[in-house]
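In what follows, a structure is listed as structure tokens, so that the remarks can point back to it.
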């Protein structure tokens with residue numbers, strides 16, 4: 009049976025693994041945002057601190073998006089991608105451990121949310137730079153579309169999962185699942201061993 013053109017990039021083992029890693033990381037991002045905001049309401053009654061959770065999550069994107077894109081163009085992308093995901097994994101583990109121990113304070117939650125955002129902000133550009141080198145040129149539009157699907161799907165599913173888990177269990181359970189997903193994503197990236205194709209896109213100047 010022929011693979012539909014829209015799914016053709018998933019026939020490439022490297023892209024498939026990296027796409028799954030990206031999907032897992034995207035899910036952790038949206039789930040973390042919901043759990044962190046919910047937990048902050050139980051740690052403080054300050055509306056400013058609650059609002060700062062979203063600021064801490066998104067500020068790194070504005071600060072690091074361009075520098076990360078430049079770095080992705082000049083250093084080893086596999087190591088860079090793995091390093092950014094390891095960063096996300098470590099912050100997820102810290103959030104899970106402190107939350108389970110009920111030792112998470114409002115300042116610590118803001119700091120770890122910001123650090124998680126740093127890892128995600130550094131990860132996005134390098135994944136976008138990797139895609140053209142791991143799929144055939146003809147499949148590039150479909151690969152980019154699949155990346156968009158990954159982000160939009162996780163934007164819907166992530167908060168739903170987080171909300172359900174918070175209602176049934178606790179925010180700590182969300183952080184534990186996030187750590188597991190971040191670990192899975194890190195392992196998938198480490199398994200990337202194939203020689204990359206030459207990217208059809210020009211380098212960043």
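In our numbering, the protein residues as written are 9 to 213.
Backbone N, C-alpha and C fix where the C-beta goes; we use that ideal spot for every residue, glycine too.
Check                                                                       : Outcome
Spatial distance of residue 102 from residue 32 (CA atoms)                  : 18 Å
Rounded C-alpha distance that separates residue 195 from residue 158        : 18 Å
Alpha-carbon spacing of residue 117 relative to residue 96, whole angstroms : 14 Å
Residue 195, DSSP secondary structure in three states                       : helix
Rounded C-alpha distance that separates residue 78 from residue 44          : 30 Å
Alpha-carbon spacing of residue 176 relative to residue 81, whole angstroms : 44 Å
Within 8 Å, strictly: CB atoms of residue 165 and residue 173               : no
Whole-Å CB distance - residue 57 paired with residue 114, under 8 Å assumed : 5 Å
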